[in-house]
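Same order as they appear, the protein sequences are chains A and B. The first sequence begins at 2 in this note's numbering and counts up one residue at a time. The second sequence begins at 3 in this note's numbering and counts up one residue at a time. Working notes for the structure below.
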Amino acid sequence: MNKTAAAKEKKTREPLFHIVKKSGIVWWKAWLIRIAAVIAALMVVAVITLVMTGQNPLEMYKAMLDGAVGNSTRTWNLLQDTALLLLVALAVTPAFKMRFWNIGAQGQVLAGVLATTACLRYFTDKLPTPLLFVVMILCAILAGAVWAVIPSIFKAYLNTNETLFTLMMNYIAINLVAFFCFRWSKNSGNDVIGLINRKSKVGWLPEIGGNKFLLIVLTVAVLTVVSFIYLKYSKHGYELSVVGESENTARYIGINVKSVVIRTVILSGAICGLAGFLLVSGVHHTMTTEVEGGRGFTAIIVSWMAHFNPFYMILTSFLIVFMEKGAIQVASSKNLQLDDNFSSIVIGIIILFIIGCEFFINYKIKFKSKNKEEEALKQ
Amino acid sequence: MDRIPAIELKNITKTFGKIVANHNVSLSVNRGEILAILGENGSGKTTLMNMISGIYFPDSGHILIDGEEVVIKSPKDSFDYGVGMIHQHFKLVDVLSAAENIVLGLKGKYNLKEASAEVSRIASQYGFEIDPAKKIYEMSVSEKQTVEIIKVLYRGADILILDEPTAVLTPQETSKLFAILRRMRDDGKAIVIITHKLHEVLSLSDRVAVLRKGEYICTLETKDATEASLTEAMVGKKVALNIDRAEPKDPEDRLVIKDLDCVNREGAKVLDDVTFTARSGEILGIAGIAGSGQRELLEAIAGLQHVQSGEIVYNDPKTGKVENLRDKTPMQIRQLGVRLSFVPEDRLGMGLVGNMDIIDNMMLRSYRKGKSAFLQRKEPRDLANEIIKSLEVVTPSASTPVRRLSGGNVQKVLVGREIASTPTVLMAAYPVRGLDINSSYMIYNLLNQQKENGVAVIFVGEDLDVLLELCDRILVIGSGKVTGLVNARTATKEEIGLLMTKSSAENEEGGANNE
């Protein structure tokens, strides 16, 4: 029989190597692998830079460093942007840990932005400044929470797909913001609101010791610690981990899965709303569709890369913002003839290496040839 | 017979870790014949067939097809030899039509019209009823099975293996399927059907091969076989296990189940008028073919399964109060002061959280204690260390994720936690499945201790030897109905085996005989 012969031949073919899951790894080995990955990425980028553009890669790295921490304003900017990204990452983390794929942080932040801007427009003259801040913060938090709770209710009761739902909510939020940019624009029709309370600076986040970045950084630092404690040491944090790991187990021990889902997603949205408040009151003092700056999506990478640990997220968000800042400088540096497309390639390669190295932390590769040698020895 | 068999297995052995799934199994099936493979759950029927269909690869032994030795490394190889397997769980794409599913993955020109015509031709040849354009999600279970069978026929299979094909069918659908299988046999195909239903074996097959605990027992000509002889071959002689069994001390009715009815998500009845009483200081065994409603029964008691009608009554030993647990959530049951412990079948998917460490898994039952919003890890840590010590759990530390532990140690952690809450009712589903001898005996001892402490223990098991030596009474269920309640000290394996395999039609008379 023909087919018999064909199948017989196949059996001699064996794969060259196979992949085995590691049962665990010492923490310092894991970090060694991660550091090695960064070094490898920098080397690959250097080679690519040389071959593709003929530019000196060391110049490029110098420009990156300069862009990120070249002077004290840049350094503070770096810290502030790290804090803002970290805050959104802290927001998405509880939901992600619960396996609720909330990709709607963008919309939830924008809801907070819209609420804060509305408060600034309508209450600046009507409320004393301290009360104005309280109202702004509460409204922003409420708006973010409302934006998040809608998909979560649908998820809990009708099991709709939260990924699509939160994504759609983003578009609604963007368009709402665009609409109000148009409604509230100074010269009607040009969609530019401009700095709100430019002269009086009412409703602008106060400076601490003459430093306008410090308050944001400190707020986020405190929230990072609170998040860590919430996730690791509170009953709520424990419940949401159980729900994320296994809904069956959660039900088995009597956790009300629906209420945990809704509660956690509200928390997620509320922190996003707070981020929206900080963006308007602390950074931009105006509203555009761009103020959110893509943080809602970048935050997902930050959170995942840190394995949902708030303290690791400080590192990952810093890394990403550092590279973004550096890339801007690379693109604008006169010594280098590189544009921002190339900077994006560089960032992409570095992130790919960092994410990719997790594979080597979790798995090892076993080569077949070794086994064959062993077998030969036995015989 | 000097014909060359379509498939011949010689000394096939397959092990998974320490568990031997098949040991030295040899059997054969001819063309123009229906061979039934009969055996209890875990006797290795499906594993054996999976080696012919390329899902597993045997550790040792030979497979011969048409007299030639072959190596089957993948389902594709198996197809190339003309072997087609219809699995218990269908592998179809819901949003595609029958014809699309059938041609899916085939090389060559994609011509749905020709395919549909061919499907219709096969259907009319053997008497299937099928609409090639109908989408899978619109189909009934039996229609889906038809698609699976035609799929393998379309690919030219002339050796068909069906894994418990009637488990999901109504009696009418079953007889229709059997008529088709007979027609295929007459057409010269070799057919293997895996089953544990005796009457199906007797009415359909030409020969029957019996497996028991992975071992090949015998092959009988169906015409020479009777229900009694098949049962004896299937369950075997009683094996002495020397499990201690004390007499129950002052048994009281602890849990009274009355006329319990449940339906599953597909709307099929999974529990039908189940009535029994679990007493304190006693181990009540539940025997039955897997999937006869054991899981639903325990989950209904634990508040995890919706109950259609009936009562679940709990008599509180302390207060003497009588509570109906029906329609209560696990939380509400606990708030009533009912100390109900449950070791579910799915240890890592329900009883424990695989990615959490032993301490955090201990906390599952106790974390709500106290008004503080924060967790108290001291008590769970002490409990974890105590269980590791007293039950000899092999683990690097109490902070090792439980999924890294071996099956026996996972079970010790789970049983240890459930016992630690000093239950009044302890339900355990297949608590020794996959465990080695030592761990199994440790679990038996733990259950016995609980019994001596006056706990009402409900033990769902699959090994009849164990059930007969460990339990005081054994409740037998078949297709969601109680088919018998026997005294474990006097019952025989054959008696239970027969009760387990009773079809629902026979229940009425069978139950009456048994009282």
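We put the CB at the ideal spot given by N, CA and C, even for glycine.
With 16 other Cβ atoms within 10 Å as the buried cut-off, status of residue i
i      : result
I421/B : buried
R5/B   : exposed
A230/B : exposed
E511/B : Any reading at E511/B needs caution, since the residue's pLDDT is 40, under 50, leaving its predicted position unreliable; the model's value is listed next. Exposed, because fewer than 16 other Cβ atoms sit within 10 Å of the Cβ of E511/B.
M53/A  : exposed
L29/B  : buried
D329/B : exposed
A242/B : exposed
L108/B : exposed
D252/B : exposed
N363/B : buried
V21/A  : exposed
T287/A : buried
L349/B : Checking the sequence, you will find Arg at residue 349/B rather than Leu. Classification for R349/B: buried.
R199/A : exposed
Residue i vs residue j beta-carbon contact at 7 Å
i      : j      : result
E248/A : V110/A : no
I161/B : A8/B   : yes
V262/A : A157/A : yes
V22/B  : G216/B : yes
A1/A   : A144/A : Here chain A covers residues 2 to 380 and nothing more, so residue 1/A does not appear.
A84/A  : V281/A : no
F1/A   : T94/A  : Chain A is shown only over 2 to 380; residue 1/A falls outside these bounds and no answer can be derived.
G463/B : L470/B : no
I104/B : V121/B : yes
A192/B : V85/B  : no
A328/A : S318/A : no
I351/A : A92/A  : no
G206/A : G274/A : The amino acid at residue 206/A is misidentified as Gly; the sequence shows Leu. Cβ atoms of L206/A and G274/A: not closer than 7 Å.
S186/A : V193/A : yes
G356/B : V404/B : yes
A431/B : E325/B : no
Sequence-distant residues of the same chain with beta carbon closer than 7 Å to residue i, five excluded per side
i      : result
S518/B : This structure does not reach residue 518/B, given that chain B is present from 3 up to 517, and the question cannot be answered.
E166/B : Q90, I196, T197
G351/B : none
I439/B : none
C220/B : V212, A235
A386/B : I360, I361, M364, A400
K12/A  : Here the model assigns K12/A a pLDDT of 44, short of 50, so the residue's position is not dependable, and the following value carries that caveat. Within the same chain, K12/A has no close Cβ partners at all.
A289/B : G463, L466, L469, I476, V478, I498, M502
Endpoints, the beta strand (DSSP E) within which residue i is located
i      : result
G312/B : 311 to 317
F368/A : 364 to 368
S186/A : Neither: S186/A is in no beta strand (DSSP E) and is coded neither H nor E.
R520/B : As shown, chain B starts at 3 and ends at 517. That puts residue 520/B outside it, with no answer to give.
E71/B  : 70 to 72
G86/B  : 85 to 88
M429/B : 427 to 431
A38/B  : 35 to 40
A211/B : 209 to 214
R281/B : 271 to 281
E131/B : Neither: E131/B is in no beta strand (DSSP E) and is coded neither H nor E.
Cβ separation of residue i and residue j, assumed to be a contact under 8 Å, to the nearest whole Å
i      : j      : result
Q107/A : F298/A : 7 Å
F278/B : L448/B : Wrong, their Cβ atoms sit about 23 Å apart, outside the cutoff.
A38/B  : L206/B : 7 Å
D474/B : I303/B : Actually they do not touch by this definition, with Cβ atoms about 19 Å apart.
8 Å CB neighbourhood of residue i in its chain, flanking five on each side removed
i      : result
A248/B : N450, K453, E454
G69/B  : I6, P7, E10
D61/B  : T15, K16, T17
Limits of the alpha helix (DSSP H) - the one that residue i falls within
i      : result
K153/B : 143 to 156
N489/B : That residue, N489/B, is in no alpha helix (DSSP H); its beta strand (DSSP E) goes 483 to 489.
V261/A : 258 to 278
A23/B  : Run containing A23/B: none in the alpha helix (DSSP H); it sits in the beta strand (DSSP E), 21 to 31.
K251/B : Taken as a continuous stretch (DSSP letters only), K251/B belongs to no alpha helix (DSSP H), as it is neither H nor E.
E519/B : Nothing about residue 519/B can be read from this structure; chain B reaches only from 3 to 517.
Neighbourhood of residue i by C-beta distance below 6 Å, restricted to the same chain and skipping five residues each side
i      : result
L121/A : I197, G204
S334/A : A64
V272/B : C264, N266, G295, E298, G482
Q | Cβ-based contacts, 9 Å cut-off: residues of the stretch 141 to 174 of chain B near chain D | A | In the displayed structure, chain D is absent; the protein chains listed are A and B.
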